[in-house]
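Single-structure report; data block below.
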Amino acid sequence: MLFFLIHVVDRHRSSTTAASSERPFAHRMCEHVTAADYHSRTIRGSFNKTTVWEDCVLEHALYDLGTATTSLSTLDHFLQGLSTQTKCRSNAGTRNLDRLSRKIVGLHLAYSLFQLCGSPWLQHGFEGENIFVLPSKTSGIQLHCWRPHVYCDLSSPPIPRSLPEDVAALGVLILELEANLSAGWTDDDEDYETETKSHKARLSRILKEWKGELPDRYYSVGSACFRFEQLVEDFDNPKINESLRSLAVLYKGIVNPLFRQLVSDFGVTERLFQGVSGLSIPTRQKRASATGRFVLYDDLESTEPDKKSKFAEELMTTLENGFLKNILALRHKSIGLAETLKGTPKRIRIAVLDTGIDPTDNMIKAAMKSSNMKSPRIISKRSWVGSDENCNDTYGHGTHVTRLLLQMAPAAEIYVAKITDNKNVHPEDMLRIAEAIDWAVEKWNVDIISMSFGFENQNKAIDDAIERAFKADKLMFAAASNEGGNKGRSRPGRNPNVICIHACDGKGNKGDMSPNPMKKKDNFTALGVAVKSRWKKITVYKSGTSFATPVAAAIAANVLEFANFKCELLERKQLLYKRDGMLEVFRAMSTERDNYDYVQPGHLWNSIDGDEELARTIKRILAEL
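Residue numbers (my numbering): 6 to 630.
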């Protein structure tokens with residue numbers, strides 16, 4: 006997995022080249038092989054002053070230093086943002102490491118240390134400044150597209166190395182790659198006894214400073230790298246020779262978890278490792294994984310605005326300046342004497358089950374604080390991943406969904422339930438969803454539960470939790486799916502106790518990702534195509550039924566808020582908190598388009614008639630229920 010830039014001293018005159026002198030010269034070599042070539046073999050090479058070729062045949066290596074127009078880049082350059090932003094393609098030199106690439110590089114490095122530790126090939130520190138990435142002539146997702154390289158001087162005697170220090174250095178690199186940041190060195194990164202730079206001390210600092218910012222599984226890998234010596238000492242398996250304990254810990258605690266996390270996050274990468282010793286998933290496990298690993302999120306993202314994003318922005322602006330502005334003002338307007346005596350109605354509560362929230366996002370940060378006599382919008386958080394308190398979003402999906410709820414339901418309170426830290430949930434972890442639903446009902450007493458995810462296999466625990474929430478008069482919204490006409494509605498959206506939401510653009514045109522409308526069923530669509538958002542200070546445009554779901558949940562919250570103030574004397578008002586009551590409001594608030602029911606508050610409310618039309622509709626619906 007690790008390839009070498011070899012420093013060669015020419016001690017013998019080659020019979021196949023006409024060398025004019027016997028002066029030593031340096032040559033860097035890397036051999037590009039295909040994925041099928043990942044097996045042990047002997048390389049027989051010849052060289053001249055600019056090129057190395059194999060089997061004594063005068064066929065130039067794929068990377069010719071004599072004619073190359075691009076320079077080598079270290080991992081430090083990428084992590085410190087010193088490389089250009091061209092993609093991996095035939096004319097690429099330095100490239101950006103996207104999330105998938107960083108995970109592949111991290112696994113490459115861990116597997117390489119596993120294979121080469123204790124050998125004379127690792128001559129320099131296992132750190133970013135000594136690891137290089139070379140240009141690739143291959144496009145697409147390939148193992149060798151981002152394979153790392155190190156220098157190796159064949160003329161130098163082996164230098165004894167500390168395996169715990171190399172493993173700690175590996176831990177630093179893995180965490181830097183996952184965070185896409187350079188940790189740098191500080192004065193505290195020294196060994197207490199030797200007063201020299203220590204990767205272990207550096208890793209200890211990073212684990213403390215970055216705790217809560219990293220996915221739990223990557224934090225666990227970093228922790229295993231830090232505790233490597235202790236793990237080796239505690240390792241007890243009579244079938245494994247004592248001399249192999251270090252390798253066993255490397256594989257079990259670092260290499261294998263990284264591989265499984267990569268495949269969990271990016272299922273397409275599994276095929277890339279077929280035939281790679283120790284990293285191919287056995288056939289028996291593959292079958293179980295294919296049916297058992299649930300992909301919860303499969304939305305689309307763009308960083309460039311287009312016609313659809315303009316439609317979405319126009320609709321959002323119209324709603325914010327009209328209907329939503331009116332909803333926000335309800336609590337500040339004078340209300341009737343009877344309502345005054347009873348007190349101001351409680352705020353509507355929405356629970357969002359997703360990947361958590363990014364506390365550094367400006368909108369999220371503002372919603373978590375009290376200011377100008379206003380109470381915070383985000384009231385409570387709980388995680389079912391790792392520690393209960395850590396709801397930090399490292400994937401982005403939950404942050405986008407929560408931002409939409411904050412924008413589209415300006416008077417509501419938000420309750421955050423983190424059920425996963427990426428797009429996948431393994432079978433044993435599906436219980437988290439059921440527990441989060443129960444928590445939202447029993448502990449938070451929310452009015453609405455927003456579930457912007459979907460899966461195919463039936464899950465009794467989740468179905469039972471949904472049934473309990475339904476009986477407790479909780480409104481539940483879930484994403485339809487993003488498979489277009491290839492599949493039908495996913496779970497829990499297909500559950501009859503849940504309101505299923507499809508996606509449309511800002512004009513009500515159906516989103517391509519929505520499943521086909523069902524006959525004699527409600528096929529509600531809400532804005533969910535090219536919706537503007539922010540992630541790590543970058544503007545993105547999100548599309549999918551995942552983002553239509555919080556918009557629909559927000560509309561329901563606004564209906565309840567409106568009814569609490571404008572229909573306050575109606576005894577049957579509580580019926581709006583039931584699924585059937587809200588379904589009738591949505592039907593009245595929708596128009597048919599592309600065989601879907603396009604839900605948009607403007608269909609019932611406008612600035613001319615004010616609140617009257619919506620109030621009359623709600624009263625009529627309540628009277629007929």
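We put the beta carbon where it would ideally sit given N, CA and C, even for glycine.
As the structure is a computational prediction, the values presented were derived from the model and not from experiment.
- Apart from sequence neighbours up to five positions away, the residues of its chain that approach PHE460 with a beta-carbon distance below 7 Å are PHE299, LEU301, SER495 and ARG496, ordered along the chain.
- Of the candidates GLN579, PRO415 and CYS505, the residue whose Cα lies closest to the Cα of ASN326 is PRO415.
- The three-state reading of DSSP puts LYS313 in helix, counting H, G and I together.
- According to the DSSP assignment, PHE328 belongs to the alpha helix (DSSP H) that extends over 328-334.
- Burial is judged here by how many other beta carbons sit within 10 angstroms of a residue's own beta carbon; GLU418 has at least 16 and is buried.
- The Cβ-Cβ distance between ALA535 and ILE560 does not fall below 8 Å.
- Within the stretch 166-223, complete beta strand (DSSP E) segments of at least 3 residues are not found at all.
- Across the structure, ASN521 and ILE543 are spaced so that their CA atoms are roughly 33 Å apart.
- Checking the DSSP bridge columns, you'll see LEU581 has no partner listed.
- The beta carbon of GLY401 sits closer than 6 Å to the beta carbons of TRP540 from its chain, once the five residues preceding and following it are set aside; these are given in chain order.
- LEU335 sits away from PHE552, with the two beta carbons spaced by 8 Å or more.
- Separation of ASP527 and ARG265 (C-alpha to C-alpha, rounded to the nearest whole angstrom) is 40 Å.
- Distance from the CA of ILE362 to the CA of SER124, rounded to the nearest whole angstrom, comes to 44 Å.
- Around PHE231, the same chain offers ALA173, GLY176, LYS205, LEU208, SER209 and LEU212 as residues with beta carbons nearer than 8 Å, after the five sequence neighbours per side are excluded.
- With a minimum length of 4 residues, the unbroken runs of alpha helix (DSSP H) contained wholly in the stretch 363-405 fall at 367-372.
- ILE136 has its alpha-carbon roughly 6 Å from the corresponding atom of HIS154.
- The closest CA to that of GLY403, considering only THR360, TYR420, ARG382 and VAL421, is found on THR360.
- Annotated three-state conformation of VAL110 is helix, per DSSP.
- By a beta-carbon distance limit of 8 Å, VAL604 contacts PHE529. Their separation comes to about 5 Å.
- Going by DSSP, LYS351 is part of no beta strand (DSSP E) at all; its letter is neither H nor E.
- For LEU252, same chain residues with a beta-carbon under 7 Å away, outside a window of 5 residues either side, are PHE119 in chain order.
- ALA422 and LEU358 do touch by the CB rule: their CB atoms are close to 5 Å apart, below 8 Å.
- With 16 or more other CB atoms across the displayed protein chains lying within 10 angstroms of its CB, TYR546 is buried.
- Excluding five sequence positions before and after ASN502, the CB atoms of its chain that fall closer than 6 Å to its own CB belong to ILE471 and PHE475, given in chain order.
- With a cutoff of 8 Å on beta-carbon distance, LEU80 and LEU236 are scored as not near each other.
- PHE460 sits in a strand when the DSSP states are folded into three classes.
- Between LEU263 and GLY133, the CB-CB gap reaches or exceeds 8 Å.
- Taking the Cβ atoms as the reference, TYR601 lies roughly 6 Å from LYS515, within the contact range of under 8 Å.
- Following the DSSP letters along the chain, one finds SER595 inside the beta strand (DSSP E) bounded by residues 595-598.
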